[in-house]
Amino acid sequence: MFIRFGYEIGIECAQPTPMMTYLSVVPERRDDVVRERGPVASPVVPMEEVTDPHGNVCLRMILPEGETRLDYDAVIRDEGKLDAFDPLAEAVPVAKLPPAVLPYLCASRYCETDRLGALAWKLFGDVPAGWQRVQAICDYVHDRLVFSYGYAQAMRTALEAHEDRLGVNRDYAHLAVTLCRCMNMPARYVAGYMADLSAPETPAPMDFNAWFEVFLGGRWYTFDAKNNARRAGRIPVARGRDAADIPLIQTFGKHQLTAFTIWTLVEPDSGLSRSHRSADVSLLTPWFSETWSRHLQERERNNSR
4 MFIRFGYEIG IECAQPTPMM TYLSVVPERR DDVVRERGPV ASPVVPMEEV
54 TDPHGNVCLR MILPEGETRL DYDAVIRDEG KLDAFDPLAE AVPVAKLPPA
104 VLPYLCASRY CETDRLGALA WKLFGDVPAG WQRVQAICDY VHDRLVFSYG
154 YAQAMRTALE AHEDRLGVNR DYAHLAVTLC RCMNMPARYV AGYMADLSAP
204 ETPAPMDFNA WFEVFLGGRW YTFDAKNNAR RAGRIPVARG RDAADIPLIQ
254 TFGKHQLTAF TIWTLVEPDS GLSRSHRSAD VSLLTPWFSE TWSRHLQERE
304 RNNSR
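Under this note's numbering, residues 4 to 308 are what the sequence shown spells out, in order.
Right under this line is the structure:
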């Protein structure tokens, strides 16, 4: 099958500003891309492709003063398989872990292992190490947090998400990653597109997704604490210790987003002939789910008492 994915992003700068983007498909999926347009900048700016320490492909450029539009549209071939499943996968003892995965055991900007370690061992210390323990962590995070787009907060850490009991995809991933690391299982944060082929359609605007991977039995496995179910149609674009390592857009100066639209949908063929637009919804336009609306109503009632 074929999956169409891409973005339209507008950025306004007061002066020429260096920028990096983590929006390219991970190297191991590049051969699956059968057609693409872009990334294209308007006005045209030179772009340099570089690889970061985590193996991600990023683009470097200098945005001019004023507004710049970044556009990308592509089709990728996908087998439509659900995330790999191996309930017998075991945790690798720390002493036998490959050196390359050791950084994914440590605390990072949004994953405070030092502050959640005692809780993790209390909750999961009696669960067999390996797949079963990771699944127990996913179950806990899934039940602990309440999801809504209205809860998005760029600076929220794993501990804050745990205490606030709310968040968006990145918060679910950060909390699960932290708890896995506390239990001596290397875990890394993943950002990407997800066509969600196995899930019913939703009227919510498309967005970049976040999930995580855990190193078990000598390889990385995909887990998703927010959905807490195997999914098909994931297109990863970057991996890191947490979201701080792989910001979708990182400018080295003041900027303002003027447009931000994402799409991910199944296509009948590899052409880019039909429009990708299914709704005129931008992520810059407030989106309130039913859960978020109820939360606002409850907050108003509490504040009025």
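The beta carbon of each residue, even a glycine, is placed where N, CA and C say it ideally should be.
Who are the near neighbours of R80 in its chain, counting only those whose CB is closer than 7 Å to its CB and skipping five residues on each side? F5, D35, V37
Can you tell me where the beta strand (DSSP E) with F218 in it begins and where it stops? 212 to 219
C-alpha gap between D76 and F211, whole angstroms: 14 Å
Do the region 83 to 97 and the region 45 to 61 touch if we need at least three Cβ pairs shorter than 8 Å? no
Beta-bridge partners of L251, as assigned by DSSP: Answer is none; L251 lacks a bridge partner.
Assuming contact is defined by CB atoms lying nearer than 9 Å, are M186 and F218 in contact in what I supplied? no
For G195 and A157, I'd like the C-alpha separation in whole angstroms. 17 Å
Give every residue of the same chain whose Cβ lies closer than 6 Å to the Cβ of G220, excluding the five residues on either side of it in the sequence, and list them in chain order. A92, E93
In the structure shown, what three-state DSSP assignment does A235 receive? strand
Beta-bridge partners of R38, as assigned by DSSP: V78
Restricting to Cα atoms, I'd like to know which of D174, L260, Q18, D142 is closest to C114. D174
State the DSSP-derived secondary structure class of T24, mapped to helix, strand or coil. strand
Just to confirm before moving on: does the CB-CB distance between D74 and R40 stay below 9 Å? yes
For the region 43 to 111, which segments carrying the beta strand (DSSP E) assignment without a break, of at least 3 residues, lie completely within its bounds, in sequence order? 51 to 54, 60 to 66, 69 to 80
Using CA atoms only, rank isn't needed, just tell me which of R7, G9, V144, P67 is closest to F255. P67
If you count every other CB in all the chains shown that lies within 10 Å of the CB of F214, and 16 or more means buried, which is it? For the sequence presented, residue 214 should be read as Trp rather than Phe. It is buried - the Cβ of W214 has at least 16 other Cβ atoms within 10 Å.
Could I get the ranges of all uninterrupted beta strand (DSSP E) runs contained in the region 143 to 187, with 3 residues as the minimum, in chain order? none
Going by DSSP, which residues form a beta bridge with V269? I6
What does a CB cutoff of less than 6 Å around S45 pick up in its chain, not counting 5 residues either side in sequence? R72
Do H145 and D245 count as a contact pair if the criterion is CB distance below 9 Å? no
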